[in-house]
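Engineer: Residue numbers (my numbering): 512 to 831. For glycine and all other residues, C-beta sits at the position ideal for the given N, C-alpha and C.
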């Protein structure tokens with residue numbers, strides 16, 4: 512859905528959002544793992560929602576150098592992984608993604624290419640191409656996870672892609688982040704202080720990124736004379752190889768963080784210490800489930816040595 516998002520942003524000429532994205536987590540309390548490269552975990556999922564869902568991010572448990580770039584591939588098979596874990600020809604690669612490694616037993620967010628799952632059962636294989644993977648031994652009682660939209664049954668691990676040594680049962684340590692096609696917007700991270708207070712980005716009351724509607728974002732606590740720029744991005748984990756979030760304090764923007772990539776920018780008008788942005792979202796089903804991020808960057812003389820402040824981030828899901 513990355514290309515769809517860019518098309519959407521281009522169509523809007525342009526707009527953005529903060530999504531309370533739905534998610535399902537297994538565990539990050541690993542007690543086992545593979546430190547060598549090329550391992551992966553297999554597990555089954557069942558999509559319970561009648562309209563399906565779109566997966567846009569996976570958090571994984573990495574064994575490797577903190578900050579190093581982690582690349583994963585995601586493979587899919589209808590039905591189950593059971594009996595198919597060495598049959599590479601039966602699987603379809605549906606996504607790939609990357610992100611900077613976090614310390615073991617903490618989620619490493621991977622911004623994967625979005626993929627849609629219709630209602631039904633599937634086997635998933637999350638393959639680490641250039642890092643180790645941490646996982647948890649299964650005992651029967653700790654292998655089932657679920658909510659109203661998605662269930663997960665773990666699982667096994669293999670030391671190499673569709674081969675090598677088998678380890679069973681093993682629980683994939685991770686979180687599946689997904690969008691339901693319902694229009695949502697939510698905030699993440701925090702803004703930093705400028706001459707007008709803590710810079711804040713939020714949707715206008717009652718405003719959501721609904722297909723065929725006008726979506727509005729409000730920016731508050733701008734200092735007098737501050738120049739706000741709204742960024743739209745397609746990643747909150749990296750930008751031109753720079754891991755996100757990125758601390759701007761060493762550059763003089765004390766306490767400020769870069770939270771999203773900047774793929775499209777809009778200069779806003781500061782009126783009475785506030786600004787707004789609104790755009791018409793095309794009523795085109797292809798954009799349903801598109802996920803995006805945004806953040807406001809403002810030039811604010813006197814706020815800090817860099818005269819630069821940032822807002823909280825926003826992540827949205829386009830839908831109905």
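Verify the CB distance criterion: does residue 686 have a CB-CB separation below 8 Å to chain C?
Structural biologist: The structure shown contains no chain C; it is built from a single protein chain.
Engineer: How would you call residue 659, buried or exposed, if buried means at least 16 neighbouring beta carbons within 10 angstroms?
Structural biologist: exposed
Engineer: Kindly indicate the opening and closing residues of the beta strand (DSSP E) around residue 678.
Structural biologist: 674–683
Engineer: May I have the straight-line CA-CA distance separating residue 807 from residue 704, to the nearest angstrom?
Structural biologist: 13 Å
Engineer: Tell me whether the region 731–744 and the region 792–812 touch, counting them as touching only if at least three CB pairs, one residue from each stretch, are closer than 8 Å.
Structural biologist: yes
Engineer: Pull up the CB-CB distance for residue 634 and residue 563, whole angstroms please, since I reckon it's below 8 Å.
Structural biologist: That belief does not hold up - the Cβ atoms of residue 634 and residue 563 are roughly 17 Å apart, past 8 Å.
Engineer: Please state the DSSP three-state secondary structure of residue 817.
Structural biologist: coil
Engineer: Please state the DSSP three-state secondary structure of residue 797.
Structural biologist: helix
Engineer: DSSP beta-bridge partners for residue 604?
Structural biologist: According to DSSP, which records beta bridges pairwise, residue 604 is partnered with 586.
Engineer: Would you say residue 578 and residue 612 are within 8 Å of each other, going by their C-beta atoms?
Structural biologist: yes
Engineer: So residue 651 and residue 571 are supposed to be a Cβ contact under 8 Å. How far apart are they, rounded?
Structural biologist: At roughly 23 Å, the Cβ-Cβ gap does not stay under 8 Å, so residue 651 and residue 571 are not in contact.
Engineer: Quick one: is residue 791 buried, meaning 16 or more other Cβ sit within 10 Å of its Cβ, or exposed?
Structural biologist: exposed
Engineer: Under 8 Å, do residue 662 and residue 559 count as touching if we go by C-beta distance?
Structural biologist: Closer than 8 Å, so yes.
Engineer: How many whole angstroms separate the CB atoms of residue 824 and residue 707, which I take to be in contact at a CB cut-off of 8 Å?
Structural biologist: The Cβ separation is near 19 Å, so there is no contact.
Engineer: Where does residue 762 fall in DSSP's three states?
Structural biologist: helix
Engineer: For the putative contact between residue 624 and residue 607, defined by C-beta atoms under 8 Å, what is the C-beta separation to the nearest angstrom?
Structural biologist: 6 Å
Engineer: If I measure Cβ to Cβ from residue 631 and keep anything under 8 Å in the same chain, skipping five residues before and after, which residues do I get?
Structural biologist: 557, 558, 589
Engineer: Return the Cβ separation of residue 755 and residue 770 in integer angstroms, given the expectation that the two are a contact with Cβ distance under 8 Å.
Structural biologist: 6 Å
Engineer: Within 10 angstroms of the Cβ of residue 815, are there 16 or more other Cβ atoms? Answer buried if so, exposed if not.
Structural biologist: buried
Engineer: Relative to the C-alpha of residue 725, which candidate in 765, 789, 762, 767 has its C-alpha closest?
Structural biologist: 789
Engineer: Taking DSSP as the reference, what is the three-state secondary structure of residue 612?
Structural biologist: The answer is coil: DSSP assigns residue 612 none of H, G, I, E or B.
Engineer: Exposed or buried, which one is residue 512 when buried takes at least 16 other CB atoms within 10 Å?
Structural biologist: Because the pLDDT of residue 512 is 39, which lies under 50, any placement of that residue in the model is unreliable, and the number read from its coordinates should be weighed accordingly. Counting Cβ neighbours within 10 Å, residue 512 comes out buried, since at least 16 surround it.
Engineer: Given that a residue counts as buried once 16 or more other Cβ atoms are within 10 Å of its Cβ, and exposed if not, what is residue 829?
Structural biologist: Buried.
Engineer: Helix, strand or coil: how does DSSP classify residue 658 here?
Structural biologist: coil
Engineer: Please name the residue, chosen from 774, 698, 545, that lies closest to residue 615 on a Cα-to-Cα basis.
Structural biologist: 545
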